[in-house]
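Chemist: Residue numbers (the working numbering): 40 to 305.
The beta carbon of each residue, even a glycine, is placed where N, CA and C say it ideally should be.
Could you have a look at this structure, given as structure tokens, before my questions?
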Ligand SMILES: Nc1ncnc2c1ncn2[C@@H]1O[C@H](COP(=O)(O)OP(=O)(O)OP(=O)(O)O)[C@@H](O)[C@H]1O
Ligand SMILES: [Mg+2]
């Protein structure tokens with residue numbers, strides 16, 4: 040055995056890797072030379088002041104920005120080793136591997152059950168006719184994974200929009216799971232929730248750790264510290280620091296990071 044090889048070499052897998060990522064809205068550059076390696080199976084938080092590009096970065100990973108005609112992207116984003124901007128990439132396939140949760144829960148105005156099955160059926164279209172018991176199994180296991188099953192098992196046919204905000208957000212996470220995504224992008228998933236709802240959704244995020252790579256944007260420093268293993272700090276479209284969460288908060292390498300976590304920016 041050689042002693043000078045890094046011990047983790049060959050074992051670390053990156054779920055998201057970016058190389059020289061730049062993005063412009065018209066003439067305004069919102070992302071500037073982003074080079075990140077986000078580890079698989081981990082929870083990484085993304086923090087930084089309002090307008091620094093957190094949402095823009097998330098939206099680049101599953102290519103939502105492109106529907107705006109005036110967005111230009113340069114560079115490369117690999118998800119599990121495949122360039123998402125590659126010529127042969129189908130957006131539907133990409134969205135299957137990369138699920139996204141938004142600030143405000145956005146369930147469809149149909150039943151809880153149909154919310155879970157909708158995305159799955161969309162991705163399976165034409166290939167399989169689902170038996171009722173298979174559907175039931177998908178609904179139950181997805182709701183169990185987000186710790187919502189016990190609360191809703193007797194009202195699966197009720198409208199999802201009648202759930203509390205916490206319930207709706209859990210459902211929005213649950214409905215991503217049947218298609219077995221690799222990456223879950225969460226853009227301030229607790230910002231519309233009260234403290235109890237926030238705690239419940241944080242618990243669920245911890246439960247999902249290991250099975251999914253989770254990239255979570257938050258303005259809540261305490262949440263980043265509690266919920267994530269690695270943390271990325273952005274400022275004005277650039278990544279300033281990326282490190283192990285407790286280290287980044289206790290001994291930040293950069294002055295800008297220290298200023299932000301001590302509350303000296305907005
Ligand atoms: N659709 C858009 N068209 C033009 N400019 C945009 C668009 N979306 C965002 N921007 C600009 O890009 C920059 C980054 O915005 P972004 O929403 O990514 O920031 P953020 O870090 O998510 O902020 P917040 O914490 O407020 O959510 C900002 O200057 C913003 O005004
Ligand atoms: Mg944002």
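What is the residue span of the beta strand (DSSP E) that residue 273 lies within?
Modeler: Unbroken beta strand (DSSP E) run through residue 273: 269-274.
Chemist: What is the DSSP secondary structure of residue 185, reduced to helix, strand or coil?
Modeler: The answer is coil: DSSP assigns residue 185 none of H, G, I, E or B.
Chemist: Near ligand 1, which residues have their beta-carbon closer than 5 Å to a heavy atom?
Modeler: With the cut-off at 5 Å, the residues found are 64, 69, 89, 90, 91, 92, 93, 94 and 95.
Chemist: Using the Cα positions of residue 232 and residue 205, report the straight-line distance between them to the nearest angstrom.
Modeler: Between residue 232 and residue 205, the C-alpha separation is close to 6 Å.
Chemist: How many Å lie between residue 298 and residue 185 at the Cα?
Modeler: Computed Cα separation, rounded: 35 Å.
Chemist: Considering only the alpha carbon of each residue, which of 82, 63 and 266 lies closest to residue 108?
Modeler: Closest option to residue 108, Cα to Cα, is 63.
Chemist: Can you find a heavy atom of ligand 2 that lies under 8 Å from the Cβ of residue 256?
Modeler: Residue 256 Cβ: within cutoff of ligand 2.
Chemist: Heavy atom of ligand 2 less than 8 Å from the Cβ of residue 226, yes or no?
Modeler: True, at least one ligand heavy atom lies under 8 Å from that Cβ.
Chemist: What are the complete beta strand (DSSP E) segments, minimum 3 residues, inside the stretch 73-113?
Modeler: Listed in chain order, the complete beta strand (DSSP E) runs (minimum 3 residues) inside the stretch 73-113 are 76-78 and 82-86.
Chemist: State yes or no: is the C-beta of residue 80 within less than 9 Å of the C-beta of residue 284?
Modeler: The answer is no: Cβ separation not under 9 Å.
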